[in-house]
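Asks: Got a structure for you, written out below as structure tokens; questions coming shortly.
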Amino acid sequence: MIKKDRSEVFGRLIAIANVLGDRVNDKGEVGIAASHLSQLGVKPAQTLERLHRDLMEHAHQFGEAELVLLDMFGELMAELDVEDFTNEPLKDSYVHAYHTQQHALNNVMGVEEAAKLWDLAPGTIKNYCLGGKVVARKIGKTWVIDRNQPNPKQSNPPPME
235 MIKKDRSEVF GRLIAIANVL GDRVNDKGEV GIAASHLSQL GVKPAQTLER LHRDLMEHAH
295 QFGEAELVLL DMFGELMAEL DVEDFTNEPL KDSYVHAYHT QQHALNNVMG VEEAAKLWDL
355 APGTIKNYCL GGKVVARKIG KTWVIDRNQP NPKQSNPPPM E
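395 is the number that our numbering gives the last residue of the sequence shown; the numbers go up by one with no jumps.
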């Protein structure tokens, strides 16, 4: 197994936490992760511990999509060895990893959100995911769907002659 770059893992972790925080915070409120971003590079372990604690205070608000993000957070945490989880300052690569992960996560949605967005039944969305009609990935029992694709009911290809 290839060892992940510690700084990149921390950058991705804070991006996931930022998206989670944005989903549970009131509009206009400073994001949970945004308030910790400046300290992450200097004291990563301490910052991540505080960030995780702050997120868990909002866990009762987590829906399907947020639980998938929390699973992703846990998987990334598992990539860190115990000796990686220190306050040794991060390399600047954490900033790139943060922005890359943030961009990718802002473009995902769950079945319920897709159903509302596309005005389709959740069961239809699941069938489309299973059949490959929409770009999606199954994580556990949950479908994670790419928000940037066209509405599948408007993108039917013309019948072949």
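For each residue, glycine too, the CB sits at the ideal point set by N, CA and C.
1. Determine the direct distance from the alpha carbon of Asn385 to that of Lys350, and round the result to whole angstroms.
2. Leaving aside the five residues before and after Phe244 along the sequence, list all residues of the same chain whose C-beta is less than 6 Å from its C-beta, in chain order.
3. Compare the beta carbon distance of Gly344 and Val276 with 8 Å and say whether it is the shorter of the two.
4. Going by the beta-carbon positions, is the gap between Val378 and Val342 smaller than 8 Å?
5. Confirm, please, whether the CB-CB distance from Leu304 to Phe296 is below 8 Å.
6. CB Ala249 to CB Gln336, shorter than 8 Å?
7. Mapping the DSSP letters down to three states, classify Lys375 as helix, strand or coil.
8. If you drop the 5 nearest sequence neighbours on each side, which residues of the same chain put their C-beta closer than 7 Å to that of Lys387?
9. What does DSSP give as the partner residue(s) for Asp380 in the beta ladder?
10. Name the one or two DSSP bridge partners that Ala370 has.
11. Any idea what DSSP makes of Asp305, helix, strand or coil?
12. Lys375 to Leu364, Cα distance in whole Å?
13. If you follow the alpha helix (DSSP H) that Val411 is part of, which residue opens it and which one closes it?
14. Look at the Cβ atom of Thr281, then the Cβ atom of Leu274, and state whether they are nearer than 8 Å.
Replies: Reading off the structure:
1. Residue 350 sits at position 116 when you count from the first residue of the sequence shown. Residue 385 sits at position 151 when you count from the first residue of the sequence shown. Looking at the two C-alpha atoms, the distance is approximately 11 Å.
2. Within the sequence shown, the letter at position 10 stands for residue 244. Correct list, in chain order: Pro278, Leu324 and Tyr328.
3. Position 110 of the sequence shown, counted from the first residue, corresponds to residue 344. Position 42 of the sequence shown, counted from the first residue, corresponds to residue 276. For Gly344 and Val276, no; Cβs fall outside 8 Å.
4. Residue numbering aside, residue 378 sits at position 144 when the sequence shown is read from its first letter. Residue numbering aside, residue 342 sits at position 108 when the sequence shown is read from its first letter. Yes; because the gap between Cβ atoms is below 8 Å, this pair is in contact.
5. By one-based count along the sequence shown, residue 296 stands at place 62. By one-based count along the sequence shown, residue 304 stands at place 70. The answer is yes: Cβ separation under 8 Å.
6. Position 15 of the sequence shown holds residue 249. Position 102 of the sequence shown holds residue 336. Their beta carbons are under 8 Å apart, which means Ala249 touches Gln336 by this criterion.
7. To locate residue 375, count along the sequence shown from 1; it is residue 141. Coil.
8. As a working mapping, residue 387 is identified with position 153 in the sequence shown. Trp352 and Leu354.
9. As a working note, residue 380 is residue 146 in the sequence shown. Asp380 pairs with Val342.
10. To locate residue 370, count along the sequence shown from 1; it is residue 136. Ala370 is bridged to Ile379.
11. Numbered from 1 along the sequence shown, position 71 holds the residue referred to as residue 305. DSSP places Asp305 in helix when its eight states are reduced to three.
12. In the sequence shown, residue 375 corresponds to position 141, counting from 1. In the sequence shown, residue 364 corresponds to position 130, counting from 1. Whole-angstrom Cα-Cα distance: 12 Å.
13. Any answer about residue 411 is impossible in this case: the structure gives the chain only from 235 up to 395.
14. On the sequence shown, position 47 is the one that residue 281 refers to. On the sequence shown, position 40 is the one that residue 274 refers to. Closer than 8 Å, so yes.
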